[in-house]
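Inspection log for the structure reproduced underneath, given as structure tokens.
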Amino acid sequence: MENRVLKVHPAIGIARLGNAERGDSIGDGFFVGPETPGVPANWDFANQTSHPFKKDGKIKAQAARFRIWEYIEKNGKLVPARELNLDNAEVVSIEWTVHLANRKASFFKFMGRKGEADNYASTPASERRNNGVPEAERTLKLEIDEGAKSIQGKNTPKVEFRNSKTHIPIEMLGELRTDAQGRLLVLGGKGQSNSSLVPPAPLPHYANNDNWFDDISDGPVTAKVTLKDENGTDIQLAVEGAWILIAPPDFAPPINNVITLYDALWDVAVRELTIPDKGALYDEYEAGKGLKVLKEMNSDWKATGGLTDYKPSFTNTIFPIFNRAFLTRWVHEPLNVQTGPQPHHNRIADARAAELAALPGNILNRKSIFSRMRLPNDSNFRPQSMPKAFGDDYDKRSQKVGTAYLSQTRTQYALLNQWMLGNFVSDWQGIPAKPTREEITPEGLDRAALENSVGGAFYPGIEASWLIRKKEVFSEPFRIKHDAVVGSLKVRAGFFSQQMAVPWQADFLDCAKEEFDSTTYHAWWVAQRPDDVFKQAGGNMLEWARGLPQHEDMVRDWSTRGFVIENNGVYVEQEGPN
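Letter 560 of the sequence shown, counting from 1, is numbered 559 in numbering that gives the first Met the number 0, and no numbers are missing.
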């Protein structure tokens with residue numbers, strides 16, 4: 000049998016909470032998350048719009064689907080060859096194993112970037128949540144961890160991660176299923192958050208509330224594949240595993256965050272990781288497929304400490320950065336008065352993009368736009384720079400620390416600098432159309448999950464916080480190393496969700512826009528948690544969280560919130576309150 004390697008994709012899958020009743024089949028109370036880049040969640044390819052996000056007034060869960068991809072060695076490179084599933088004649092069985100855990104209540108309090116420099120090595124135990132619980136009792140009393148669960152076969156009914164600890168008022172963390180080809184489906188919890196006290200403990204904080212629990216979780220995904228070789232003998236092949244992050248719903252799925260989780264992890268890969276020499280995935284293994292651009296950026300950065308030789312495509316690299324900022328106008332009213340998008344946003348509209356994409360073009364125009372961008376890790380306090388959003392050091396605003404406000408990643412900033420200088424590929428032919436059918440590739444599965452997730456600010460974030468950008472956690476770009484160690488912390492089930500707010504709804508309510516002065520607002524993650532929405536095209540904007548003034552209100556009524564959907568270039572809220 001030829002040399003082959005098996006890998007699970009997506010390398011990091013994203014599932015989202017949902018409290019709708021879940022039926023036996025995909026689409027009945029749950030849907031599969033994005034698997035094709037450039038396509039939002041719950042997308043109807045035929046009609047080019049979103050399917051409904053609710054069933055009987057409750058929110059459908061987003062499942063993460065995992066597939067096994069076969070890589071075959073050719074000319075010294077491991078080339079993605081095909082997906083393996085139970086429809087392949089030589090596949091005898093696929094056994095999937097997932098371990099979900101929630102360790103929020105026993106972890107350190109979230110306090111911005113405190114702990115980032117030394118991975119909590121010097122953070123005193125007194126700064127943990129529920130500090131009054133003795134060390135010897137913390138795992139038992141504060142953590143939800145029922146161990147790993149396994150599943151195999153086609154269309155196998157659910158295997159649940161039910162919580163057996165009666166003193167923790169959470170029903171379950173999620174469930175496993177398989178589809179008709181034996182691929183793995185991971186669904187998260189039902190959005191349940193409860194206090195262990197009666198009456199419930201108060202919720203005074205956006206992230207750290209003692210005696211509270213929720214059903215967010217994360218953990219490793221592994222698989223065992225048994226094949227028949229050419230002699231008819233059963234053989235078991237090792238499989239490189241993946242990771243599952245279970246997060247709150249994405250309430251504006253057709254709009255991506257200004258910085259996506261794919262952007263953040265791409266930046267880690269470009270600047271800090273070593274690209275595998277044998278990985279043809281990091282070349283153009285077929286026409287238009289592969290991550291050749293990542294390898295080129297990585298090589299340039301390591302040689303020069305930046306990007307000097309690499310020339311980005313305007314259409315594929317530069318325009319998406321601008322366009323995501325432009326689209327936030329549908330979920331964030333930037334001013335106190337109805338004036339529409341800012342003038343500099345208008346420049347990025349399709350009518351002006353050709354001007355920005357032209358060579359030599361107007362370099363003064365490019366310089367003007369680039370001058371508005373916030374320099375990454377800038378110590379200077381420039382709150383009016385772009386993006387107009389809060390950053391990882393939000394708690395240091397009063398100290399006038401520049402990183403209190405969001406910046407592009409260092410890689411993105413370097414790419415924009417190349418564009419400003421005229422070192423880019425002028426390939427503009429209009430806004431690329433969304434795919435009209437699924438396009439499944441291993442690198443596409445990784446990207447589709449992460450580009451619909453938040454890559455900043457990590458205060459604490461939506462799907463994960465700043466621990467996920469530690470280079471030590473990766474075995475290769477985008478793939479979590481299951482036995483990694485980050486300082487004194489071991490990567491294990493619950494590792495990434497432990498930093499997040501408890502309960503999640505408290506942070507979800509508080510992270511709304513804030514007024515900087517009498518004319519402008521700064522935002523958080525408006526592509527996931529909108530600030531403002533249109534109920535109809537041409538109408539006035541309304542607060543997305545209208546009618547929910549307190550943390551307890553969001554805990555109770557989070558599923559009454561509406562979803563922003565796209566229809567012919569117009570983005571309006573549906574399935575929400577009046």
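The beta carbon of each residue, even a glycine, is placed where N, CA and C say it ideally should be.
Here the structure is a predicted model, which is why all the values come from computation and not from measurement.
Nearest residue (CA-CA) to N46, options R436, L547, P476: Residue numbering aside, residue 46 sits at position 47 when the sequence shown is read from its first letter. Ranking the options by Cα distance to N46, first place goes to R436.
Residue range of the alpha helix (DSSP H) that N364 falls in? Numbered from its first residue, the sequence shown carries residue 364 at position 365. First-last of the alpha helix (DSSP H) with N364: 362-370.
Just the Cα atoms here: how many angstroms apart are K288 and Y281? As a first step, residue 288 is located in the sequence shown; it is residue number 289 there, counting from the start. As a first step, residue 281 is located in the sequence shown; it is residue number 282 there, counting from the start. Spanning the two alpha carbons is a distance of roughly 9 Å.
Is the shortest distance between the beta-carbon of Y119 and the beta-carbons of chain C less than 9 Å? Structure shown: chain C not included; a single protein chain is present.
State the Cα-Cα distance for the pair P9 and L444, rounded to the nearest angstrom. The residue you call residue 9 lines up with position 10 of the sequence shown. The residue you call residue 444 lines up with position 445 of the sequence shown. Between P9 and L444, the C-alpha separation is close to 5 Å.
Measure from the alpha carbon of P168 to the alpha carbon of each residue in N118, N101, Y205, then state which is nearest. Counted from its first residue, the sequence shown places residue 168 at position 169. The residue with the shortest Cα to Cα distance from P168 is N101.
Taking DSSP as the reference, what is the three-state secondary structure of M110? Here residue 110 refers to the residue found at position 111 when the sequence shown is read from its first residue. It is coil, neither helix nor strand.
Taking the Cβ atom as the reference point for each residue, do V596 and K433 lie within a distance shorter than 9 Å? The structure shown does not extend to residue 596, since the chain spans only 0 to 577, so no value can be given for it.
Just to confirm, is the Cβ distance from L83 to L5 under 9 Å? If you number the sequence shown from 1, residue 83 lands on position 84. If you number the sequence shown from 1, residue 5 lands on position 6. Cβ distance < 9 Å, so L83 and L5 count as in contact.
Cβ neighbour criterion (16 or more within 10 Å) applied to T165: On the sequence shown, position 166 is the one that residue 165 refers to. By the neighbour-count rule (16 or more Cβ atoms within 10 Å), T165 is not buried but exposed.
Other residues of its chain near Q535: CB distance less than 7 Å, five sequence neighbours each side excluded: Numbered from its first residue, the sequence shown carries residue 535 at position 536. Excluding residues within five positions, the ones whose Cβ falls inside 7 Å are V571.
DSSP three-state label for T338, please. Position 339 of the sequence shown, counted from the first residue, corresponds to residue 338. With a pLDDT of only 47 at T338, under the threshold of 50, the placement of this residue in the model should not be trusted, and no figure is reported.
What do you reckon, are the CB atoms on L449 and L260 nearer than 9 Å? As a first step, residue 449 must be located in the sequence shown, where it is residue number 450. As a first step, residue 260 must be located in the sequence shown, where it is residue number 261. Going by C-beta atoms, L449 is nearer than 9 Å to L260.
From the DSSP output, in three-state form, read off H521 for me. Taking the sequence shown and counting its residues from 1, the one referred to as residue 521 is at position 522. Of the three classes helix, strand and coil, the one that applies to H521 here is strand, per DSSP.
Rounding to the nearest angstrom, what Cα-Cα distance links I320 and V257 in this structure? Counted from its first residue, the sequence shown places residue 320 at position 321. Counted from its first residue, the sequence shown places residue 257 at position 258. In a straight line, the C-alpha of I320 is about 7 Å away from that of V257.
Can you tell me whether F44 is buried or exposed? The criterion is at least 16 other CB atoms within 10 Å of its CB, across all chains shown. Here the question's residue 44 lines up with position 45 in the sequence shown. Under this definition F44 is an exposed residue.
Taking A222 as the reference, give the member of K148, H50, A544 with the closest Cα. Position 223 of the sequence shown, counted from the start, is the residue given in the question as residue 222. Cα-wise, what sits closest to A222 is K148.
Should F109 and M499 be called a contact, given that it needs their Cβ atoms to be closer than 9 Å? Mapped onto the sequence shown, residue 109 falls at position 110. Mapped onto the sequence shown, residue 499 falls at position 500. Yes.
In its own chain, which residues sit with a C-beta less than 7 Å from the C-beta of D556, not counting the 5 before and 5 after it? Here residue 556 corresponds to residue number 557 of the sequence shown, with the count starting at 1. So the list reads L547, once near-sequence residues are dropped.
Is the separation between the beta-carbon of A268 and that of L293 shorter than 9 Å? Counted from its first residue, the sequence shown places residue 268 at position 269. Counted from its first residue, the sequence shown places residue 293 at position 294. Against a cut-off of 9 Å, the Cβ pair of L293 and A268 comes out as a contact.
As a quick exercise: from A356, S487, P476, W329, pick the residue whose alpha carbon is nearest that of M540. For this step, residue 540 is matched to residue 541 along the sequence shown. Comparing Cα-Cα distances from M540 to each of A356, S487, P476, W329, the minimum goes to W329.
Could you check where the beta strand (DSSP E) with G443 kicks off and where it finishes? Position 444 of the sequence shown holds residue 443. Unbroken run through G443 is the alpha helix (DSSP H), 441-449; no beta strand (DSSP E).
With a cut-off of 8 Å, do at least 3 Cβ pairs link the stretch 150-159 to the stretch 173-182? For the pair of segments examined, the stretch 150-159 was found to touch the stretch 173-182: the number of CB pairs separated by less than 8 Å reaches three.
For V400, report the span of its alpha helix (DSSP H) as first-last. Counted from its first residue, the sequence shown places residue 400 at position 401. Element bounds for V400: n/a, residue is neither H nor E.
Let me know if G339 comes out buried or exposed under the rule of 16 or more other beta-carbons within 10 Å of its beta-carbon. The sequence position of residue 339 within the sequence shown is 340, counting from 1. With a pLDDT of only 47 at G339, under 50, the local geometry of the prediction cannot be trusted, and the value read off the model is given with reservation. That one is exposed.
Where Q235 falls, given that 16 or more other Cβ within 10 Å makes a residue buried: Indexing the sequence shown from 1 puts residue 235 at position 236. Burial call: exposed.
For F160, the first and last residue of its enclosing beta strand (DSSP E): Along the sequence shown, read from residue 1 onward, the residue named residue 160 stands at position 161. Here the beta strand (DSSP E) through F160 covers 158-161.
Cβ neighbours of R323 in the same chain (closer than 6 Å, five flanking residues each side left out): For this step, residue 323 is matched to residue 324 along the sequence shown. So the list reads N255, V257, once near-sequence residues are dropped.
Rounded C-alpha distance that separates G188 from R128: To locate residue 188, count along the sequence shown from 1; it is residue 189. To locate residue 128, count along the sequence shown from 1; it is residue 129. Each residue's Cα considered, the two are about 22 Å apart.
Secondary structure of F313, DSSP reduced to three states: What you label residue 313 is simply residue 314 of the sequence shown in a count that begins at 1. Reduced to three states, the DSSP call for F313 is helix.
Beta-carbon proximity list for D299, same chain, < 6 Å, skipping 5 on both sides: In the sequence shown, the residue the question calls residue 299 occupies position 300. Closer than 6 Å at the Cβ level, and outside the excluded window around D299, lie L306, D308, Y309.
Ends of the beta strand (DSSP E) at E572? As a working mapping, residue 572 is identified with position 573 in the sequence shown. Start and end: 569-573.
Who pairs with F65 in a beta bridge, going by DSSP? Counting from one through the sequence shown, the residue named residue 65 turns up at place 66. Partner(s): L183.
Work out the CA separation of E229 and F325 for me, nearest whole Å. Within the sequence shown, residue 325 is the residue found at index 326, counting from 1. Within the sequence shown, residue 229 is the residue found at index 230, counting from 1. So the two alpha carbons sit approximately 56 Å from each other.
For I11 and L244, which I take to be in contact (beta-carbon distance under 8 Å), what is that distance rounded to the nearest angstrom? The residue labelled residue 11 in the question sits at position 12 within the sequence shown. The residue labelled residue 244 in the question sits at position 245 within the sequence shown. That belief holds up - the Cβ atoms of I11 and L244 are roughly 6 Å apart, short of 8 Å.
For G12, which residues does DSSP report across the bridge? By 1-based counting over the sequence shown, the position of residue 12 is 13. I243.
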